[in-house]
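Single-structure report; data block below.
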Amino acid sequence: MAKVGNVQMIKNANMVTYRGPTMVSNVLHACAIFLRSTKDWDWFINLSASDYPLVTQDDLLHTFSNISRNLNFIEHTSHLGWKRERRGKPLFIDPGLYSATKSDVLELKERRALPTAFKLFTGNFCL
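Counting in full-length UniProt numbering, the sequence shown runs from 1 upward without gaps.
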């Protein structure tokens with residue numbers, strides 16, 4: 001992939017728990033590495049092994065070259081509805097933060113009050 005020049009891989013990636021904060025922290029880590037390496041880019045596409053085969057790079061480039069560069073594909077909202085109680089109050093432990101063994105997040109029985117120092121948003125940063 002290094003020969004192509006438009007793909008970067010995280011060589012020493014951290015453990016990812018897909019429902020936990022390690023998912024977001026690893027994507028932000030990848031963004032930081034990418035932004036330090038070059039400023040000459042148009043898109044950041046986070047792909048994992050489960051995303052292959054998606055489309056060819058030529059097809060992806062053709063698709064993106066026909067849309068405005070001012071767009072993004074980040075979906076988010078502060079209108080939480082049912083997610084307010086189901087996702088805003090539970091407490092979780094993400095083993096990916098401290099364990100070398102892959103396992104799912106642990107949901108605690110305790111609940112927290114909704115935060116007041118910031119506003120909760122929900123969304124999807126995957127393509």
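Glycine included, every Cβ here is placed at the ideal spot set by N, Cα and C.
All values derive from a computational prediction rather than experimental measurement.
With a cut-off of 8 angstroms on Cβ pairs, the segment 62-76 is not in contact with the segment 107-120, counting fewer than three such pairs. At a Cβ-Cβ threshold of 9 angstroms, Met-15 and Lys-102 count as neighbours. Buried is the label assigned to Thr-17, since at least 16 other Cβ atoms lie within 10 Å of its Cβ. Rounded to the nearest angstrom, the gap between the Cα atoms of Arg-19 and Leu-61 is 30 angstroms. Here Ala-100 has Met-15 as same chain residues with Cβ atoms under 8 angstroms from its own Cβ, once five neighbours each way along the sequence are excluded.
Take Gly-88, set aside five residues on each side of it, and the residues of its chain with a beta-carbon closer than 6 angstroms to its own are Leu-114, Leu-120, in chain order.
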